[in-house]
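*Asks:*
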Amino acid sequence: MVRSLLLGALLIPAVLLAQPDADDHLKMAQAAYKANELDAALAYADSAIRTDDAIPGGYKLRGDIKQRKQDMHGALMDYVKAEKLEPENARLYVSRSAIHITEGRLKEAMRDVDRSLDLDDTDADAWYNRACANYLGQTNDAALRDLENSLRLRPDNADALFLRGVVKGELYKEEDGIADIEAALKLKPELAGGTMSLAVLLFESKQYEAAIAKFTEVIDAETPEAVEAYYYRADCYYALENKELACESWRKSADLGDADAKFIVRNYCNTDEEKIPKKPVRGRRKTVIEF
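If you want it as structure tokens, here you go:
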């Protein structure tokens, strides 16, 4: 009995020493986050912070994990704590600016991204986030300058190439915009909104046959963009003076709920009109921006 108790007493320190410390927990959280195993990453980050609530990078990483899990409020709370511990961490402000951009707080986003650039002006992500804020604020010239800085630092950033293409299109540099978006899609074929944006620029540059092919790709993919793709494909056929095919696509768009398409079907497709009376003017497209 005495021997058993002694053996147990000798084992306890060994077991305790085998327990990972806060740094180990944080490293495991970082590895899981990199592998997109977010539940495991969050558990490890929680454990690291419980073990040492002042561990460098702990709250920043946990905020990033929560942001990826779409817990924006929780992420912001962690970023506030991180700022108190590491006010000179430039990447912290990049991460927080992404939430502000996503939720439409452009002034707050710009404040954070400028703070990040004051600390480190060689961060391609910071310049990209600044471009996103400027683009959403409809300051395209500034957005383009930011994107040039971002791509100078990271030329193969598909998201920055895509947004630069969109911005160039809005600045009436359609051919340059098409080239950027095509390059972005080669790097990242699954780019959200990429094919649709390319199709719109082809339409706006009057390359109607090429645009029809791209709009058809969007339609065949059965994404929520199909309603808009049907509308624009109809507009291509209308420009090519093919009323039958134009109205076929406009009816599809109308059936999916597009108000402009319903107007055109009612006032053009269901009549003998050769031209659309008071043709609706499409507003600015909402470009998808992901973080």
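In our numbering, the protein residues as written are 617 to 907.
All C-beta atoms in this analysis are idealised placements derived from N, C-alpha and C, irrespective of residue type, glycine included.
(1) Taking the beta carbon of lysine 894 as the centre, do at least 16 other beta carbons fall within 10 Å, making it buried, or is it exposed?
(2) Is leucine 803 buried or exposed, if buried means 16 or more other CB atoms sit within 10 Å of its CB?
(3) Counting pairs of beta carbons, one from the segment 696 to 703 and one from the segment 714 to 723, are three or more of them closer than 8 Å?
(4) Measure the alpha-carbon distance for arginine 898 versus alanine 877 and round it to whole angstroms.
(5) Assign aspartate 874 to buried or exposed, taking buried as 16 or more other Cβ atoms, counted over all protein chains shown, within 10 Å of its Cβ.
(6) If you count every other CB in all the chains shown that lies within 10 Å of the CB of tyrosine 745, and 16 or more means buried, which is it?
(7) Where does threonine 738 sit, in a helix, a strand or coil, going by DSSP?
(8) Going residue by residue through the segment 790 to 837, where are the continuous alpha helix (DSSP H) segments of at least 4 residues, counting only ones entirely within it?
(9) State yes or no: is the C-beta of glycine 781 within less than 9 Å of the C-beta of alanine 759?
(10) Suppose you measure from the CA of tyrosine 649 to the CA of alanine 657; what does that come to, to the nearest Å?
(11) Quick check: the Cα distance between leucine 856 and aspartate 687, rounded to an integer number of angstroms?
(12) Grouping DSSP H, G and I as helix and E and B as strand, with all else coil, what is leucine 708?
(13) Compare the C-beta of glycine 781 with all C-beta atoms of chain E and state if any pair is closer than 9 Å.
(14) How would you call aspartate 737, buried or exposed, if buried means at least 16 neighbouring beta carbons within 10 angstroms?
(15) Going by DSSP in three states, proline 672 sits in which element: helix, strand or coil?
(16) With arginine 898 as the anchor, note down where its alpha helix (DSSP H) starts and where it stops.
(17) Compare the Cα-Cα distances from valine 881 to each of Ala747, Asp639, Cys863, Leu769 and report the closest residue.
(18) Glutamate 844 and serine 821: beta carbons closer than 9 Å?
(19) When burial is assigned at 16 or more other CB atoms within 10 Å of the CB, is alanine 742 buried or exposed?
(20) Name the two residues that bound the continuous alpha helix (DSSP H) containing glutamate 702.
*Replies:* So, from the data block:
(1) Working through the sequence shown from its first residue, we reach residue 894 at position 278. With fewer than 16 other Cβ atoms within 10 Å, it is exposed.
(2) Within the sequence shown, the letter at position 187 stands for residue 803. Looking at its Cβ environment, which holds fewer than 16 other Cβ atoms inside 10 Å, leucine 803 is exposed.
(3) The segment 696 to 703, when compared against the segment 714 to 723, does not touch it at the 8 Å Cβ threshold.
(4) Position 282 of the sequence shown, counted from the first residue, corresponds to residue 898. Position 261 of the sequence shown, counted from the first residue, corresponds to residue 877. Rounded to whole angstroms, arginine 898 to alanine 877 spans 11 Å at the Cα level.
(5) The residue given as residue 874 occupies position 258 in the sequence shown. Burial call: buried.
(6) Here the question's residue 745 lines up with position 129 in the sequence shown. Note that residue 745 is asparagine in the sequence shown here, rather than tyrosine. With 16 or more Cβ atoms within 10 Å of its Cβ, asparagine 745 is classed as buried.
(7) Within the sequence shown, residue 738 is the residue found at index 122, counting from 1. Residue state, collapsed to three classes: coil.
(8) Counting only runs of 4 or more, we get 790 to 803, 810 to 820, 824 to 836.
(9) Here residue 781 refers to the residue found at position 165 when the sequence shown is read from its first residue. Here residue 759 refers to the residue found at position 143 when the sequence shown is read from its first residue. Against a cut-off of 9 Å, the Cβ pair of alanine 759 and glycine 781 comes out as no contact.
(10) Working through the sequence shown from its first residue, we reach residue 649 at position 33. Working through the sequence shown from its first residue, we reach residue 657 at position 41. Using only the alpha carbons, I get a separation of about 5 Å.
(11) Residue 856 sits at position 240 when you count from the first residue of the sequence shown. Residue 687 sits at position 71 when you count from the first residue of the sequence shown. Cα-Cα distance, rounded: 48 Å.
(12) In the sequence shown, counting from the first residue as 1, residue 708 sits at position 92. Looking at leucine 708 - three-state DSSP - the assignment turns out to be helix.
(13) Any reference to chain E falls outside this structure, which holds one protein chain only.
(14) Here residue 737 refers to the residue found at position 121 of the sequence shown. It counts as exposed.
(15) Numbered from 1 along the sequence shown, position 56 holds the residue referred to as residue 672. In the structure shown, the three-state DSSP call for proline 672 is coil.
(16) Counted from its first residue, the sequence shown places residue 898 at position 282. Unbroken run through arginine 898: none, as it is neither H nor E.
(17) Within the sequence shown, the letter at position 265 stands for residue 881. The shortest CA-to-CA distance from valine 881 to any of Ala747, Asp639, Cys863, Leu769 is the one to Cys863.
(18) Reading the sequence shown from its first residue, position 228 is the one you call residue 844. Reading the sequence shown from its first residue, position 205 is the one you call residue 821. It is not a contact, given that the beta carbons lie outside the stated cut-off.
(19) Your numbering for residue 742 matches position 126 in the sequence shown. Residue environment for alanine 742: buried (at least 16 other C-beta atoms within 10 angstroms of its C-beta).
(20) Taking the sequence shown and counting its residues from 1, the one referred to as residue 702 is at position 86. Segment: none, glutamate 702 is in no alpha helix (DSSP H) and carries neither H nor E.
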